[in-house]
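**Q**
Number of protein chains: 2
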Amino acid sequence: MSKSIFYHAGCPVCVSAEEDIINLIGASKVEVVHLGEKKTRIPEAEKAGVKSVPALVTPNGNALHINFGASIEDIK
Amino acid sequence: MSKSIFYHAGCPVCVSAEEDIINLIGASKVEVVHLGEKKTRIPEAEKAGVKSVPALVTPNGNALHINFGASIEDIK
C-alpha cells in the first residue's frame, strides 16, 4: 500500500490534526508536507482536490479535509 | 488503545469518508455510528465537539471533521 500524504501549513489546527492522524494511521504510512515551506507542491495538492489545510490525501487519491486551518489560496 | 468513533448520517460524503477511514485505520479500531438512526447518541457526539458529519473522534477525544456532509443541527 502506498502512503497517504498529509498537507498542512504549520497552523495550530494543522499541528493538532497531524498528531491525531499520525497516532491513528502510523508515521510510516503518512508523508507530511508543509505547503507553506514547500510551495512547489501546492499544484500537486490542488490536483488531488485539496482546497484547505490540514488535509489528507489517501492512497486511492481521495482528499479528506480535516477541520479547517487555512485555505490553499491563503498559503499561496 | 481504545477505539475511535466515526459519526455519520448516511450521506454520500459520509459513506466515502467512512470507506477511506476504515481503510486507513482498520475496521477493528473504529466504531461506526449512524446519528440519523441513533439519535440518542447525538448528545455524546456534541459533547465530543462534533459539529457536522462525517467526523471522527479519536481515542484521546479530539473531534476531526472530515469534509462536510451535514451539520448536527440538520440531523436532529
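Listed in order, the protein sequences are those of chains P and B. Under my numbering, the first residue of the first sequence carries the number 1, and numbering increases by one thereafter. Under my numbering, the first residue of the second sequence carries the number 77, and numbering increases by one thereafter. The beta-carbon is built from N, C-alpha and C at its ideal position, and this holds for glycine as well.
(1) Check the Cβ-Cβ distances between Ile22 of chain P and every residue of chain B, and say whether any is below 8 Å.
(2) Using a cut-off of 9 Å between C-beta atoms, extract the partners of His65 of chain P located in chain B.
(3) Compare the C-alpha of Ile101 of chain B against each of P:Val33, P:Ala45 and P:Ser4 and name the closest.
(4) In angstroms, rounded to a whole number, what distance separates the CA positions of His84 of chain B and His141 of chain B?
(5) Which residue from P:Asn62, P:Val15 and P:Lys39 puts its Cα closest to that of Val50 of chain P?
(6) Output the boundary residues of the alpha helix (DSSP H) element that contains Glu149 of chain B.
(7) Using a cut-off of 9 Å between C-beta atoms, extract the partners of Ile101 of chain B located in chain P.
(8) Taking DSSP's pairing of strands, which residues face Leu100 of chain B in a bridge?
(9) When you check each C-beta in the segment 42-62 of chain P against every C-beta of chain B, which residues fall closer than 7 Å?
(10) Please look up how many angstroms separate the CB atoms of Val30 of chain P and Ile22 of chain P, rounded, as I've assumed it's under 8 Å.
**A** Checking against the coordinates, here is how it stands:
(1) no
(2) His141, Ile142, Asn143 and Phe144
(3) P:Ser4
(4) 10 Å
(5) P:Asn62
(6) Start and end: Ile148 to Ile151.
(7) Leu24 and Ile25
(8) Partner(s): none; Leu100 of chain B has no beta bridge.
(9) Thr58 and Asn62
(10) 6 Å
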